[in-house]
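Its first residue numbered 133, the sequence shown is counted upward by one per residue in our numbering.
In this text, a Cβ means the ideal position worked out from N, Cα and C, and glycines have one as well.
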Amino acid sequence: MRKPIIAGNWKMNMTPAEAEQLIVELIPLVKDAACDVVVCPPYVDLAVVGKLLVGTNIKLGAQSIHWAPKGAFTGEISADMLLAMGVSYAIVGHSERRQYFGETDETVNKRAKAALEANITPIICVGESLEQRENGVTDTIVSKQTVAAFAGFSAEEAERCVIAYEPIWAIGTGKTATSEDANATIKVIRDAIAGVYGAKVADAVRIQYGGSMNPKNASELMAMPAIDGGLIGGASLKSEDFSKVVHF
Ligand code: PGA
């Protein structure tokens, strides 16, 4: 069976001092979690958070990763730099990166590949816009994004990926996909993986839901058979809220 995974995406929030406070509060609240717990702070917080997480059940994640080992890539960060901070997960292709920073299916694929090669688990984000949902192309969009993100991956690499299905219209808006809709679209994503790698690999990949997931709706979403976890934005910025989601 797939182990549930709840990850916090702090986005561009929390100074190192604020991060330290949040993590110190969070550690005891989630120490008995039955699921995998991940926090993805901004890069400047990785050092302080990474030190605090040593010996705990919380894993450290980054919000992106570059594909080159080093060099002239202003503003980017390499796998080796992240490994040195204790990072074991990296969000790749979040819709905010696709929308505001020119991330494409191709760069998502390159970043995810670099993560896998460094033994960092990529959390690959896919999801449709409101317009795409209204036009009835959600299934086509998420399938295409998934297959493109996995391009060139072996079955063994594909299995190690986590996918976050995040309908763009549900992110930070307080609007959640219904648990039935989220479940159905996640099944479509799993079918797309099965189409390339077969059912065994598809059954092994963990697929999260993301988009206004919070302490109120987490248990209903997590009860759906296809939903293996959550990528949590706003509700990951308060230790109590995040721990309630972790204990869905
Ligand atoms: P949200 O963000 O929970 O604030 O909607 C989720 C995400 O973008 O990962």
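Between S227 and E208, the C-beta spacing is not below 9 Å. Take the alpha-carbon of I252 and the one of C293: they are about 9 Å apart. Judged by beta-carbon spacing, C167 lies beyond the 9 Å limit of V333, meaning their Cβ atoms are not closer than that value. One Cα belongs to A296, the other to Y175, and the distance between them is close to 20 Å.
Between Q277 and V337, the C-beta spacing is not below 9 Å. Every alpha helix (DSSP H) of 4 residues or more that sits fully in the segment 141-195 is shown, in chain order, as 148-162 and 178-185. Straight-line spacing of the CA atoms in E238 and I223 works out to 15 Å. By the beta-carbon neighbour count (other beta carbons within 10 angstroms, threshold 16), T310 is exposed. No Cβ-Cβ contact shorter than 9 Å links G366 with M354. A296 has its Cβ nearer than 8 Å to a heavy atom of the ligand PGA. Pairing D373 with K135 gives a Cβ-Cβ distance that is not under 9 Å.
With a cut-off of 8 Å, the C-beta of L363 is classified as near the ligand PGA, since at least one heavy atom of the ligand falls inside that distance. In the three-state reduction of the DSSP assignment, L214 falls in the helix class, which pools H, G and I.
A247 and T236 have their alpha carbons spaced roughly 16 Å apart.
If you draw a straight line from the Cα of N346 to the Cα of Q264, it is about 25 Å long.
Straight-line measurement puts the Cα of N189 at about 31 Å from the Cα of D313. Under the three-state reduction of DSSP output, L363 falls in the strand class. Take A358, set aside five residues on each side of it, and the residues of its chain with a beta-carbon closer than 6 Å to its own are N315, I318 and K319, in chain order. It is roughly 5 Å from the alpha-carbon of A244 to the alpha-carbon of P254. Taking the Cβ of N141 as the reference point, at least one heavy atom of the ligand PGA falls within a distance shorter than 8 Å.
Short of 7 Å from the beta carbon of E157, and not among the five residues preceding or following it, lie these beta carbons of its own chain, in chain order: S371. Counting the other CB atoms within 10 Å of its CB gives D164 a total below 16, which places it among the exposed residues. Across the set G234, R229, G330 and Y329, the C-alpha of R229 shows the shortest separation from the C-alpha of E298. Counting only the Cα atoms, M217 lies some 11 Å from V186. Spanning the alpha carbons of N145 and P173 requires a straight line of approximately 8 Å.
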